[in-house]
Every structure is written in C-alpha cells, then in structure tokens.
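The sequence shown stops at residue 214 when you use UniProt numbering, and every number in between is there. The C-beta atom is built at its ideal place from N, Cα and C for all residues, glycine as well.
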Amino acid sequence: MFATMLIFCEVTNPCDLWAKYCEIFVDDLYLRSIRELGNMALELPHDELKNMALCEIENILNKSDRAFSGTAVLFGEDFRKLLPVVPKKSREGIVVASLQRSDLWAECHVFRLTTNMRVSLGNLTDETRKEVEDFSKWILDVGDGILPSLPLSANGESNWIRIPNDLLIKDQGRGIQVLIDDIYPNLKEHYLDSSYLQKRAILAPKNVDVDEIN
1 MFATMLIFCE VTNPCDLWAK YCEIFVDDLY LRSIRELGNM ALELPHDELK NMALCEIENI
61 LNKSDRAFSG TAVLFGEDFR KLLPVVPKKS REGIVVASLQ RSDLWAECHV FRLTTNMRVS
121 LGNLTDETRK EVEDFSKWIL DVGDGILPSL PLSANGESNW IRIPNDLLIK DQGRGIQVLI
181 DDIYPNLKEH YLDSSYLQKR AILAPKNVDV DEIN
C-alpha cells in the first residue's frame, strides 16, 4: 500500500509518511507471511518486518521506474540473530534473501557507529570505562566470528573459543551463587525495589539454567 501511494500519489515527504504509518504498512506483510506459510502461530521480529517491508517497497518502486532514494533509513536488523523466513527456499536461498545480502546495499551510503555511546555516557571511572570497552569489543568479535578457534582434543574440530580468565567464575562449586551475589548484591534488602531489579539481569542459554538460577 505504501509503494502504491508513492507511485500514484504526490507524496511530498515519504519519510514522514513512513514514520507515521509504518506500523499499519508492516501488518499487511505480516499477515501475508502467515498465509504463505500456513502458520497462524508465526512470529517475526518487528525490526525484521520493517526491513522486509522497506526492501519490498524498493523492489516495487524499481519496477515502476521510481526510487525510494534520498531518504535516511535506520535498519534495525541484528545480523547475528535469526535469518528471515522464506517459503520453500533452501538454506542458501534463505541466506541470499537476508537483508545483509540484499542488492540494496549497492545503492546505500552506510554510516557506521564508531563510538560506544553507552560507555561515553554515565559517571564511569577511566578504569571501568576501559573494562566495558574491552568487553564490548570482545562480544562483537565473538558475534563476527573473528576470534581464534580451538579444538578440545587433538583430532577435534576447531569450533571452540577461549574465554578470558577475568570473565570466568573461579569458584565452580558455588558458581551460580557467586554470579547471583555479584549481579544482585544485598538482594534480600532490595528484592522489592523495582528500580534495583530493572537495572540487573542474568542471561542463560537454556531453560534448565534459568530454572536453576531462579
């Protein structure tokens, strides 16, 4: 619908129109994805839907010799998360269909963040800021797959990484309790304080770990 309005209507400011009504526009894409996949329980990240909608709008405009150019767009996709859902496509086809492999990049001027704003804000000491910067870089290196990989055995595959010692919990016998005490100090005194709880979280990869921590 948005592409149709751009083609047949005199829209003076497409960016404002998109910002105001994008929630309505992406609903149509979501419902169509449900029909195509025949999955009423389908869940797609909201940022992923917005990016898919923008790509489809550009394709429709290109077929009509129109362009969605000159508009600054902030893509919200996390390229380290799930790939898009594409009906009846092979693994290779799904990868090619992802925003990261889109032909749109040839027409985009990409701006990249060079400063960690979360680190620069707040009353952090120089030592703490350096620790946060180093940890942030390490996390990004893990996601980008550029850390050196190691095998667990002489004949094993090199698909493991070494975690820095300062990130490890040394007391393996009381590891979970040490983690809880570090993230939630004096929990018994603050467990009813919503602001105290909102500022802290422990992430776990498996539900069994979540149950044990809880």
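Let me check understanding here. Comparing Cα to Cα, which of the options lies closest to residue i?
| i | options | result |
| --- | --- | --- |
| Asp144 | Thr128, Glu131, Asn155, Ile161 | Ile161 |
| Asn51 | Tyr30, Gly38, Leu42, Leu37 | Tyr30 |
| Phe135 | Asn165, His109, Leu54 | Asn165 |
| Cys22 | Leu42, Glu43, Asp47 | Asp47 |
| Leu187 | Glu157, Gln172, Asn214, Asp171 | Asn214 |
Which residues does DSSP list as the beta-bridge partners of residue i?
| i | result |
| --- | --- |
| Trp160 | Leu150 |
Evaluate residue i with the Cβ neighbour count: other Cβ atoms within 10 Å of its Cβ, from every protein chain shown; 16 or more gives buried, anything less gives exposed.
| i | result |
| --- | --- |
| Ile57 | buried |
| Leu49 | buried |
| Leu54 | buried |
| Phe8 | The predicted position of Phe8 is uncertain, since its pLDDT is 47 and thus under 50; a value taken from the coordinates is nonetheless stated next. The residue in question, Phe8, is exposed, as its Cβ has fewer than 16 Cβ neighbours within 10 Å. |
Quick one, are the C-beta atoms of residue i and residue j less than 8 angstroms apart?
| i | j | result |
| --- | --- | --- |
| Leu179 | Ile163 | no |
| Leu141 | Leu150 | Sequence check: residue 141 is Asp here, not Leu. Against a cut-off of 8 angstroms, the Cβ pair of Leu150 and Asp141 comes out as no contact. |
| Arg200 | Tyr184 | yes |
| Glu131 | Asn116 | no |
Between the C-alpha atoms of residue i and residue j, what's the straight-line distance to the nearest angstrom?
| i | j | result |
| --- | --- | --- |
| Lys20 | Met40 | 27 angstroms |
| Thr128 | Ser194 | 25 angstroms |
| Tyr191 | Thr125 | 28 angstroms |
| Arg35 | Ile176 | 45 angstroms |
| Val26 | Cys108 | 22 angstroms |
| Pro205 | Asp182 | 19 angstroms |
| Glu189 | Tyr196 | 10 angstroms |
| Leu167 | Leu44 | 33 angstroms |
| Asn42 | Ala154 | Sequence check: residue 42 is Leu here, not Asn. About 43 angstroms. |
| Leu113 | Trp138 | 16 angstroms |
| Asp171 | Asn123 | 31 angstroms |
| Val208 | Asp28 | 37 angstroms |
| Arg32 | Ile24 | 13 angstroms |
| Ile169 | Leu37 | 44 angstroms |
| Gln198 | Phe111 | 32 angstroms |
| Leu210 | Asp16 | Note that residue 210 is Val in the sequence shown here, rather than Leu. So the two alpha carbons sit approximately 43 angstroms from each other. |
Does the Cβ of residue i lie closer than 7 angstroms to at least one heavy atom of the ligand FMN?
| i | result |
| --- | --- |
| Leu31 | This structure does not include the ligand FMN; it has no bound ligands of any sort. |
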